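The structure appears below as structure tokens.
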Amino acid sequence: MFTGIIEATGTIKSLTKGEGDCRLSISSKKLNFSDVVIGDSIAVSGVCLTVIELDDATFSADVSNETLQCTNLGSLEEGALVNLEKSLKPESSLGGHIVSGHVDGLATLHSKKVDGESLQLVFTAPLELAHYIARKGSACIDGISLTVNEVEGINFSVNIIPHTAVETTMHEFEVGRQVNLEVDLISRYLERLLQKNELAANYSIAGVESNNEGLSIEKLQASGFIK
1 MFTGIIEATG TIKSLTKGEG DCRLSISSKK LNFSDVVIGD SIAVSGVCLT VIELDDATFS
61 ADVSNETLQC TNLGSLEEGA LVNLEKSLKP ESSLGGHIVS GHVDGLATLH SKKVDGESLQ
121 LVFTAPLELA HYIARKGSAC IDGISLTVNE VEGINFSVNI IPHTAVETTM HEFEVGRQVN
181 LEVDLISRYL ERLLQKNELA ANYSIAGVES NNEGLSIEKL QASGFIK
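Count the sequence shown with the UniProt record's numbering and you get residues 1 to 227, in order.
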């Protein structure tokens, strides 16, 4: 698990393609590797990868064909800048929001404009993911935990403060760029819970009475969670 608070950026040192998959070697002089061991997880621009080789300032990880297809790692080239975050430990501060490192899909930067000292970025989400994104909720873009300011259809906007722009890959973002998008994990679980009655009806066992006393829209409304 991760928080979406980027610890450092790194550079793709080498990219070795195999039969559908590839091996990435990433170097970073800023990331503290002193507590990293083989088998640990590091989020690379929001993608959870397992460390398989490690030296003082470089680590390597294998990337499956599935991951290459649903993230932007497949389009990276040697020299590309990536965001890095080590996995959570019990004593870690949860500074952003709960991030799994399992990218849901690719969003596209729709527009970019200066807003005071900050940048306002508008992204277009895939249609199948747009309903998970809520105003003032959280979204993870290339591993960065961000607050959603506004939502309009399949577009959503975020504001980037100067510190975030400088310390992450966001200072490189241009319109049309595809970014890794992970929606808020809670929204996915909530949707699944709301499907409980439908699942019970479709997979009921003869002679067994299903219990429909689980979560429902009505119960959420009664408890004040939704209007």
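A virtual CB, placed ideally from N, CA and C, is assigned to each residue, including glycine.
This one's a predicted model, so the numbers in the text were calculated from it and none came from an experiment.
For THR3, which of LEU193, ILE217 and VAL183 has the nearest alpha-carbon? Considering only alpha carbons, the answer is VAL183.
Buried versus exposed, by CB contacts within 10 Å (16 or more), ASN32: exposed
Where does LEU94 land, buried or exposed, given buried means 16+ other C-beta within 10 angstroms? exposed
Select from ASP35, GLY96, LEU146 and LYS17 the residue whose C-alpha is nearest the C-alpha of VAL63. LYS17
To the nearest angstrom, report how far apart THR147 and ASN159 are at their CA atoms. The alpha-carbon atoms of THR147 and ASN159 are separated by roughly 8 Å.
Work out the CA separation of ILE217 and CYS140 for me, nearest whole Å. 26 Å
Whole angstroms is fine: what's the gap from GLY153's alpha carbon to ASP115's? Distance between the alpha carbons of GLY153 and ASP115 is about 22 Å.
Is LEU76 near ILE12, with beta carbons less than 8 Å apart? yes
Under 8 Å Cβ to Cβ from ASP40, same chain only, skipping five residues before and after it: list those, please. THR50, VAL51, LYS86 and SER87
Inter-residue Cα distance where the pair is LYS196 and CYS70: As the crow flies, the alpha-carbon of LYS196 is around 28 Å from that of CYS70.
I think GLU172 touches LEU84, with their Cβ atoms under 8 Å apart; what is that distance to the nearest whole Å? In this structure, GLU172 and LEU84 do not form a Cβ contact; the two beta carbons are roughly 15 Å apart against a cut-off of 8 Å.
Given a cut-off of 8 Å, decide if ARG135 and VAL151 are closer than it, judged by their beta-carbon atoms. yes
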